[in-house]
Each structure stands twice: as structure tokens, then as C-alpha cells.
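A.B. asks: As they're listed, the protein sequences go chains D and H.
All residue numbers for the first sequence refer to numbering that gives the first Met the number 0, where the first residue is 0 and numbers rise by one.
All residue numbers for the second sequence refer to numbering that gives the first Met the number 0, where the first residue is 0 and numbers rise by one.
This is the structure I want to talk about, given as C-alpha cells.
There are 2 protein chains.
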Amino acid sequence: MLHRLLIHSLPLAGLSLLALIPVHAADKSLLDQARSVFTPLDPKPVAGDKPATPQQVLLGRTLYFEPRVSADGAVSCARCHQPSLYGTDGLPTSIGANHRVHPRNAPTVLNAAMQSVQHWRGDRRSVEEQATKALIAAPSYGNANYEEAMGKLKAIPGYHVLFSQAFPGEPDPITAENWGTAIGAYVRTLLTSSAFDRFLEGDDSALSARARAGLRTFMEVGCTGCHSGAGIGGHLYQKFGLVEDYWKATGSTHIDRGRVEVTNDPADLYVFKVPSLRNVAMTAPYFHDGSVPTLPAAVRVMAHVQLGKALSDEQIIGIVAFLESLTGTMPPAFVTAPPLPVASVAGAAPSR
Amino acid sequence: MLHRLLIHSLPLAGLSLLALIPVHAADKSLLDQARSVFTPLDPKPVAGDKPATPQQVLLGRTLYFEPRVSADGAVSCARCHQPSLYGTDGLPTSIGANHRVHPRNAPTVLNAAMQSVQHWRGDRRSVEEQATKALIAAPSYGNANYEEAMGKLKAIPGYHVLFSQAFPGEPDPITAENWGTAIGAYVRTLLTSSAFDRFLEGDDSALSARARAGLRTFMEVGCTGCHSGAGIGGHLYQKFGLVEDYWKATGSTHIDRGRVEVTNDPADLYVFKVPSLRNVAMTAPYFHDGSVPTLPAAVRVMAHVQLGKALSDEQIIGIVAFLESLTGTMPPAFVTAPPLPVASVAGAAPSR
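Printed below as a string of C-alpha cells:
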């Protein structure tokens, strides 16, 4: 009885000594192990080919929300990369201008600039190239050519001012290349640090016990073979389906041959870019074709087809808890929509 | 020389006496005249049938940005009523789920709750009814029925919590009626006071000289016959084309018969709801069919077909300047997108 009373009335400091020292030692080892694989997110904008100016970032943020440049007037970057859905659209595969269905799932723009290449097959070198080429991609903005796209921007007087400020000295700054440069400058600022970064920086309390257990499992079973670094992925290619054909596990209705269609190298059959797992808990559905609707199911598929492992329910719950710790804080400049320049006032006194 | 020096060195108070008294008297008369026609915007949420709770407003704001409930997963309220475009989509007529083109232009949601009815033809009694019926309108959310729409919401666990908090005590709160109630509660908060309200409250400096001249013209030529009150319109019906068929001035390619198709009353032929003019400078293109792309052209059309008047360029420039003073400050709860509940975690350990 005395014993029980003692236990129940122990001061907090005593409890910590009794209960936390062994855990802390374990966490120290967990932290050391994690630090050998991951690095905290650097909150500074990801460097591009040239330093970006604030005017370019402002223009890029405006253009990001601009639908009037698309073939049907209803597609902006924000259509497939919505702030409310952590920079995705919640669809298996996106729907572009004139309802053209995109062949693949829209990855989040958050932390996208940290990746070594863009798009699932790595066929876009940079966020700038992605933004520019989207203008003339049929299942995206759907313009016939860059001139058509830029013509729509030029019809909106405010853009002459914004482009001139972003690209001073250029006689005709409204170009597809500058569109890409500006949007890229903005996207390079869209970084989301999370509880896991605080953990990597030494704050044990940033992860729950379940998330710490999940992190341990994540490293032990081998997920970190691909998902490592500051992006927890996003820096290499890998075959999807190392152990078993991916579509047998995902239930995909279409077999995507992956990067081989970009490189024509047979070694790239079923090869995709390994995505960053930052914010993965907020960006369902999963995989290049959005074929798996929930995160626990996606974790199970990955363990099975990539690592040949059948995880227990407890292991999956832990890994999901760890992945939830990668959900970051979205930048105010992303969740707050800027007002767009008003439509043409050409013919301030038209006689139509 | 002394005279010139005196003029140039007059203290500010002296200048005011010399220069401003006559102007002030004129403005006093302008203000009195304006106050007899307009009332400043009341920033309190527009009252609905029942008082709204903060939980309903929060739910409504979340649902406003939710595309996963639509037929193709790509339509939310925010698709046709974008914050970046002052609650419109910049299109002549909107594009809904599965690329169904809406027959009419999307009016802004800002200040919409102040109007006596909703939609161009007045076929929606309230913002609540508009939100609910949009769920099953083909060129909007495009669902086959309410059950289909609500089924998609019910599959997202977070909505069970949000609906229960917004509608406590209801055993099955995820209903189409509650969807409308919540979105309506949110839309009733989306009010934008502007420079013109400050003018009506007595601040002469809130309007430029050009805008004051435009306000005078606006009242003198008779625009206030329909565009009056706190909404500067939005509270009555009127035939579009009182003096001349509207399509001859707008260049409309389709003749919309207007409210007659709702009421079957021949007196309603070509009758539409008079829209509120708040934020009109930011919500091009204009009229029920978006047939006129610029505000000066729209002003010219209205003077011609409604009032039988040919305005001078100077009068149009003045009226446009006055209308620009109706551009308000958008609420932070509108321009800042809320994160949406994550997709289903059903089957936290699925064996798929």
C-alpha cells in the first residue's frame, strides 16, 4: 500500500528519473540513427540557377493563381495544386483544361523544389521547366503554343507592370521563360518544416511514442534505402515493384511503363522518381496513378512490393504516425490567395 | 511678386479656407444626395433564418473549398468563386463538373447574402438554397442526387467531427440541408466594405475628385433607379434592355429569356435580378452571360439599353472611378484557404 501510494504520489521529477532515463537513452540512439539518414529542412528558399528577386517571387505567386492563361480559362497552378489540399488536388490523376485527364497524379508543390528532378518520370528538370511546359501540355493548361498563352497575359494590363518589375530592363518581359522563372522563384519558397525537423534538431517531445516507434520501423525495414535526406525522398529513381509487379498490389487498372518512355533505356522500365514524403499524410490518393486511397494501404503496398516484407498492423500504424510527423506548416504566401490584376481596361471608352 | 509669394507661402489652413470651402460645400450636397440613395455596408454577418454558430461558419468555410464532393472531384465553391478573382472565375460563363458549361456568369459570393434573392433569374431564394442545389446541378457539382454527394463527405472521417460540432444532437448531421446551412453561414460573413462606405460615413477624402464626379453622374443619369441601397443593387428585378434589346449592345451570341423561364409570367421576359455593384471593378466579364469584357464598355451598354443615354467618355471614366471605390477589402477567412480533412483512413491496416 505504501509502495502504491509512493508510486502515485511521486513528484514529476521523480517520475521522469524513473521512467524517462531508459527511454531517453533509447531515443538518443534513435535520434543518432535518424540523423545518419535524414537532415532537417533548411527553411531558406531552394537556390535556382540565378538568385530570385522579391519581385519575381511576388509575380510568381500571382501567376500561380491565374486561370485566365489556360485554354479553357479554368486551369491555374492552384487548380491541381490547391492550398487546401496541401498542394495537391485529391484526385487519382488530375483534370486539366477542357477536361483532359492527366496520365499521372499531381504531386504536391510543397517542397517540390528540393527534389533533384520534377514529375513522376523525371521528365522535367526543374520547377521552372515544369511551370513553363505546363502551359502547352494538353492535360494541363492546354495552350496550342507559348504565344497563345502569353497573348492572354499581355491582354491584362497589370501584368505589364508586374513582369517589368520582376525582369527590369527587358523590352518585352512577358515570355514563357519568365513565366517559368517567376513561378519557380515562388515555388522555391514553398517549404514546410514539421515536427520531425524539430525531432532531428534534438527535441524528443516533438514525436509521440508511436511516431518514434514508427520511425524506428521505417529505418529498420529499409524504407530509408530510398526515402532519406532532407526531403525524405525526392532525390533518386527507383523501380516501382522490385519484388512484385506494382499493379498486382495497387490494383492499378493501367500499367504505366514509367521512365523508360522518357529515356528508351530498358533499365528504366517501371522506374519512377521516388517522391518526397513530406506532407504525405495530407496528399492522398497515393502513387503515380493515385491508385491507393489511404496512407496505411500505401505503406503496406510499399513494404510488400519494394521490400518483400509483410508488416504487422502495429508496424503500419507506427509508420503512419511517423509519416504524420512530416506534415508541415504551410507558408502564409501559399494559403493566402493574392488578388489578380483586373481584366483588360483597354478601350476605357469603347464605342462597342 | 508679393502676391505670388503670399500664395506660395500660405499655411495649409489658409489654403484650405481659400480652396476647399466651395468644394466642401459641393461635396456636402453630393454626400447628402448619396445618403438619400445609398447606405453604408453593415459589417455584421447578414442574418439568416436562424442564428449561425461559429462551428457552422468554420464548417462552411471548409466545405467551400472542398472539391472531393463533386461529380468529377474538381469542383468546389472556390472553383467558380475564387478568392483571387474576388469570388468569381473570370469566365463569361462557368465550367462545372465534367466540363459542363453553365448557362450564366458566376456572380461573386462577396456580399451575395445581402441580396434579396440569388442567381441571375432569382431562382434561388437564399445562399443556403443556392449552396444545396448546386450539389445536384449538372453544370455545377454535377451529382446525381444528394445521397451521392453526402456519401463522399461521409467517407472523409474529419467531416463527422465537424458536422457534429456544427449541428450538435443530430444523429446523422451530414445532410445536404446542413451543407447548405453551413456554407450559407460562412457566405453571410463575406462582406466587403470599401472607400465608398467611408465616404458615406462622412470621409470626403475617401473618394477622388474623379470618383466624386462619377458618383454625381451615376445619380444624375439614373443608374440609382436600380443600383441603390447598401448593396448598390441586388434587391430587385429589372428587364435587361428597357430601351433597346440588350443583345444588340452586348453582342451576346445567345438570347437568354431571363426570369420568364422561372415564373412563366410574360412580364418577366428578359428580366434579371439587378446585381450588386460592390467589387464590380474586379469581377469582369460582365452581365448574365459575361458578354462584355470591360467595365467601361459595360457602363456604356447599361446607359444605352437601360436609360437611353449616350454617355461621354469623361462621364464613363468618372462612373468607372466611382465603381472602383466599391472595391472592398476581402475577409481573411475568404482569402486564406483552410486545410481540408484528410482522406479516408478507413482500414488503418487494410490487407488490400
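No residue lacks a Cβ here, since even glycine has one placed at the ideal position from N, Cα and C.
Just checking my contact of proline 265 (chain D) with valine 273 (chain D) at CB under 8 Å: how many whole Å lie between their CB atoms?
C.D. replies: For this step, residue 265 (chain D) is matched to residue 266 along the first sequence. For this step, residue 273 (chain D) is matched to residue 274 along the first sequence. At roughly 20 Å, the Cβ-Cβ gap does not stay under 8 Å, so proline 265 (chain D) and valine 273 (chain D) are not in contact.
A.B. asks: For alanine 283 (chain H), which of D:Thr326, D:Val341, D:His303 and D:Asp312 has the nearest alpha-carbon?
C.D. replies: Position 284 of the second sequence, counted from the first residue, corresponds to residue 283 (chain H). The residue from D:Thr326, D:Val341, D:His303 and D:Asp312 with its alpha-carbon nearest to that of alanine 283 (chain H) is D:Val341.
A.B. asks: Is it buried or exposed, asparagine 110 (chain D), if we count other Cβ atoms within 10 angstroms and call 16 or more buried?
C.D. replies: Residue numbering aside, residue 110 (chain D) sits at position 111 when the first sequence is read from its first letter. Buried.
A.B. asks: Give me the DSSP bridge partner(s) of tyrosine 285 (chain H).
C.D. replies: Indexing the second sequence from 1 puts residue 285 (chain H) at position 286. Beta-bridge pairing links tyrosine 285 (chain H) to H:Val291.
A.B. asks: Under 8 Å between beta-carbons, which chain D residues line up against methionine 281 (chain H)? List them in chain order, please.
C.D. replies: Locating residue 281 (chain H) in the second sequence gives position 282, counting from the first residue. The contacting residues are Pro338 and Val341.
A.B. asks: Could you check if aspartate 255 (chain D) is buried or exposed, using at least 16 other CB atoms within 10 Å of its CB as the buried criterion?
C.D. replies: For the purposes of this step, residue 255 (chain D) is identified with residue 256 of the first sequence, where counting begins at 1. The residue in question, aspartate 255 (chain D), is buried, as its Cβ has 16 or more Cβ neighbours within 10 Å.
A.B. asks: In chain order, what residues of the segment 67 to 79 of chain H put their CB closer than 7 Å to some CB of chain D?
C.D. replies: Arg67, Asp71, Gly72 and Ala73
A.B. asks: What does the Cβ neighbour count give for arginine 43 (chain H), buried or exposed, with the cut at 16 atoms within 10 Å?
C.D. replies: Taking the second sequence and counting its residues from 1, the one referred to as residue 43 (chain H) is at position 44. Per the sequence shown, the amino acid found at residue 43 (chain H) is lysine instead of arginine. Counting of Cβ neighbours within 10 angstroms places lysine 43 (chain H) among the exposed residues, the total staying below 16.
A.B. asks: So who's on the other strand from lysine 238 (chain D), going by DSSP bridges?
C.D. replies: Within the first sequence, the letter at position 239 stands for residue 238 (chain D). Paired residue(s): D:Val270.
A.B. asks: Cβ atoms of alanine 77 (chain D) and asparagine 142 (chain D): under 8 Å apart, would you say?
C.D. replies: One-based indexing of the first sequence puts residue 142 (chain D) at position 143. One-based indexing of the first sequence puts residue 77 (chain D) at position 78. Not in contact: asparagine 142 (chain D) and alanine 77 (chain D) (Cβ atoms no closer than 8 Å).
A.B. asks: Within 8 Å (strictly less), CB to CB, does isoleucine 94 (chain D) reach chain H?
C.D. replies: Indexing the first sequence from 1 puts residue 94 (chain D) at position 95. Output row for isoleucine 94 (chain D): interface = yes.
A.B. asks: For my contact list, alanine 112 (chain D) and valine 186 (chain D) are in at a C-beta cut-off of 8 Å; report their separation, rounded to the angstrom.
C.D. replies: On the first sequence, residue 112 (chain D) is found 113 positions in, with the first residue counted as 1. On the first sequence, residue 186 (chain D) is found 187 positions in, with the first residue counted as 1. Contact holds; Cβ gap of about 5 Å.
A.B. asks: What are the boundary residues of the alpha helix (DSSP H) that alanine 70 (chain D) is part of?
C.D. replies: For this step, residue 70 (chain D) is matched to residue 71 along the first sequence. Counting along the chain, alanine 70 (chain D) falls outside any alpha helix (DSSP H), and DSSP gives it neither H nor E.
A.B. asks: In chain order, what residues of the same chain have a beta carbon less than 7 Å from the beta carbon of tyrosine 158 (chain H), not counting five sequence neighbours either side?
C.D. replies: For this step, residue 158 (chain H) is matched to residue 159 along the second sequence. So the qualifying residues of the chain are Leu152, Ile173 and Pro340.
A.B. asks: Taking 8 Å as the CB-CB cut-off, is threonine 188 (chain H) touching chain B?
C.D. replies: Among the protein chains of the structure shown, namely D and H, there is no chain B.
A.B. asks: Using 8 Å for Cβ pairs, my map puts phenylalanine 286 (chain H) next to threonine 249 (chain H). What's the rounded Cβ distance?
C.D. replies: Along the second sequence, one-based indexing puts residue 286 (chain H) at 287. Along the second sequence, one-based indexing puts residue 249 (chain H) at 250. That belief holds up - the Cβ atoms of phenylalanine 286 (chain H) and threonine 249 (chain H) are roughly 6 Å apart, short of 8 Å.
A.B. asks: In angstroms with no decimal places, state the Cα-to-Cα distance between alanine 296 (chain H) and aspartate 312 (chain H).
C.D. replies: Numbered from its first residue, the second sequence carries residue 296 (chain H) at position 297. Numbered from its first residue, the second sequence carries residue 312 (chain H) at position 313. Going by the C-alpha atoms only, they are around 11 Å apart.
A.B. asks: How far does the alpha helix (DSSP H) with tryptophan 246 (chain H) in it extend, from its first residue to its last?
C.D. replies: For the purposes of this step, residue 246 (chain H) is taken as residue 247 along the second sequence, with counting starting at 1. Unbroken alpha helix (DSSP H) run through tryptophan 246 (chain H): 245 to 249.
A.B. asks: At a Cβ threshold of 8 Å, is glycine 427 (chain D) touching chain H?
C.D. replies: Residue 427 (chain D) lies beyond the stretch modelled for chain D, which goes from 0 to 351, so this question has no answer here.
A.B. asks: Taking DSSP as the reference, what is the three-state secondary structure of threonine 326 (chain H)?
C.D. replies: In the second sequence, counting from the first residue as 1, residue 326 (chain H) sits at position 327. Coil at threonine 326 (chain H), not helix or strand.
A.B. asks: If you follow the alpha helix (DSSP H) that glycine 183 (chain D) is part of, which residue opens it and which one closes it?
C.D. replies: Mapped onto the first sequence, residue 183 (chain D) falls at position 184. 175 to 186 is the span of the alpha helix (DSSP H), which, as asked, contains glycine 183 (chain D).
A.B. asks: Is the number of C-beta pairs between the segment 27 to 42 of chain H and the segment 225 to 239 of chain H that are closer than 8 Å three or more?
C.D. replies: yes
A.B. asks: For glycine 232 (chain D), which beta-bridge partners are listed by DSSP?
C.D. replies: Stepping through the first sequence from its first residue, residue 232 (chain D) is reached at position 233. According to DSSP, which records beta bridges pairwise, glycine 232 (chain D) is partnered with nothing at all.
A.B. asks: Using CA coordinates, which residue listed in H:Lys247, H:Gly317, H:Met329 and H:Leu276 is at the minimum distance from histidine 303 (chain H)?
C.D. replies: One-based indexing of the second sequence puts residue 303 (chain H) at position 304. Of the candidates H:Lys247, H:Gly317, H:Met329 and H:Leu276, the one whose C-alpha sits nearest the C-alpha of histidine 303 (chain H) is H:Lys247.
A.B. asks: Chain H partners of valine 56 (chain D), CB-CB under 9 Å?
C.D. replies: As a working note, residue 56 (chain D) is residue 57 in the first sequence. Result: empty, since nearest Cβ-Cβ is about 16 Å, beyond 9 Å.
A.B. asks: Are the segment 84 to 92 of chain D and the segment 208 to 217 of chain D touching, with three or more C-beta to C-beta distances below 8 Å?
C.D. replies: no
A.B. asks: For leucine 84 (chain D), which residues in chain H fall below 7 Å Cβ to Cβ?
C.D. replies: Start at 1 with the first residue of the first sequence, and residue 84 (chain D) comes out as number 85. Ordered by position in chain H, the residues that pass the 7 Å Cβ test against leucine 84 (chain D) are Leu339.
A.B. asks: Using beta-carbon positions only, say whether glutamine 32 (chain D) and methionine 218 (chain D) come within less than 8 Å of one another.
C.D. replies: In the first sequence, the residue the question calls residue 32 (chain D) occupies position 33. In the first sequence, the residue the question calls residue 218 (chain D) occupies position 219. Yes, Cβ-Cβ distance for glutamine 32 (chain D) and methionine 218 (chain D) is below 8 Å.
A.B. asks: Does glycine 257 (chain D) come out as helix, strand or coil in the three-state DSSP assignment?
C.D. replies: The residue you call residue 257 (chain D) lines up with position 258 of the first sequence. Three-state DSSP puts glycine 257 (chain D) in a strand.
A.B. asks: Which of the three DSSP states, helix, strand or coil, is assigned to phenylalanine 333 (chain D)?
C.D. replies: By 1-based counting over the first sequence, the position of residue 333 (chain D) is 334. The answer is helix: DSSP assigns phenylalanine 333 (chain D) an H, G or I state.
A.B. asks: Comparing C-alpha positions only, which one of D:Val291, D:Ala332, D:Tyr236 and D:Gly317 sits nearest to glycine 121 (chain D)?
C.D. replies: Numbered from 1 along the first sequence, position 122 holds the residue referred to as residue 121 (chain D). Out of D:Val291, D:Ala332, D:Tyr236 and D:Gly317, D:Tyr236 has the C-alpha closest to the C-alpha of glycine 121 (chain D).
A.B. asks: Once the 5 residues before and after serine 75 (chain H) are set aside, which same chain residues still bring their CB inside 6 Å of it?
C.D. replies: The residue labelled residue 75 (chain H) in the question sits at position 76 within the second sequence. So the list reads Phe64, Glu65 and Pro66, once near-sequence residues are dropped.
A.B. asks: What in chain H is Cβ-close to phenylalanine 64 (chain D), meaning under 7 Å?
C.D. replies: By 1-based counting over the first sequence, the position of residue 64 (chain D) is 65. Ordered by position in chain H, the residues that pass the 7 Å Cβ test against phenylalanine 64 (chain D) are Ser83.
A.B. asks: Which residues does DSSP pair with isoleucine 316 (chain D) in a beta bridge?
C.D. replies: Counting from one through the first sequence, the residue named residue 316 (chain D) turns up at place 317. According to DSSP, isoleucine 316 (chain D) bridges with nothing at all.
A.B. asks: I'd like to know if the segment 191 to 198 of chain D and the segment 310 to 329 of chain D are in contact, where contact means that at least 3 CB-CB pairs between them fall below 8 Å.
C.D. replies: yes
A.B. asks: Looking only at its chain, what residues have a beta carbon closer than 6 Å to the beta carbon of cysteine 222 (chain H), apart from the 5 residues adjacent to it on each side?
C.D. replies: Here residue 222 (chain H) refers to the residue found at position 223 of the second sequence. None.
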